[in-house]
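Below is one structure; the comments refer to it alone.
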Amino acid sequence: MTLVITSACIDVKDGICTTSCPVDCIYEGERMYYIHPTECIECGMCESICPVDAIRYADEVVEDELAFVALNDAAFRDSKGELTEPGGWKKGDAPVPDPVGFSTHIQPKKETV
């Protein structure tokens with residue numbers, strides 16, 4: 308089961324996860340990072356280093372975050388719905404466009420007092 312990045316990453320984009328990925332399968336998007344579903348080797352390095360605890364194995368994503376399993380996949384689909392294989396992300400690459408429907412899954416940030 309691949310790893311996915313959930314809503315905690317939105318507008319944070321710390322990027323430390325990209326430094327721990329041995330196969331460069333974590334791509335910067337417009338408002339968050341995405342993990343390519345077939346490039347990921349499921350090592351879990353990114354999950355252990357994420358400062359906002361946004362990374363989960365797809366089968367461990369909580370119910371109200373399940374849309375992010377599909378969004379991580381959709382970020383790498385072309386207009387025909389076919390999975391693209393970019394071959395690894397490097398700092399300085401253009402961001403992956405946030406997938407269609409992304410904005411409908413953004414929850415307002417909870418204010419802390």
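According to this note's numbering, the stretch in the sequence shown is residues 308 to 420, in order. Ideal placement from N, C-alpha and C gives every residue a C-beta, glycine not left out.
Coarse secondary structure for residue i, derived from DSSP in three states
i	result
Val-403	strand
Ile-356	helix
Ser-410	helix
Val-420	With a pLDDT of 49 at Val-420, under the threshold of 50, the predicted position of this residue should be treated as unreliable, and no value is reported.
Leu-373	coil
Ile-317	coil
Glu-335	strand
Glu-367	helix
Ile-312	strand
Ile-342	strand
Buried/exposed call for residue i, threshold 16 Cβ in 10 Å
i	result
Ser-386	exposed
Val-376	buried
Asp-318	exposed
His-325	The amino acid at residue 325 is misidentified as His; the sequence shows Thr. Its Cβ being crowded by 16 or more others within 10 Å, Thr-325 is buried.
Asp-380	buried
Ile-362	buried
Beta-carbon contacts of residue i that lie in its chain and below 7 Å, excluding the five residues immediately before and after
i	result
Asp-366	Met-308
Cys-350	Pro-329
Proximal residues to residue i (C-beta, below 6 Å), its chain only, five neighbours per side dropped
i	result
His-292	Outside the displayed span of the chain (308 to 420) sits residue 292, for which this structure offers no information.
Tyr-340	Ile-312, Cys-316, Ile-333
Glu-335	Pro-402
Own chain, CB closer than 8 Å to residue i, minus 5 neighbours either side, in chain order
i	result
Ile-323	Ile-356, Cys-357, Pro-358
**OP:** Please confirm if the segment 391-406 is in contact with the segment 352-362, defined as three or more CB-CB distances below 8 Å between the two stretches.
**Re:** Too few Cβ pairs lie closer than 8 Å, so no.
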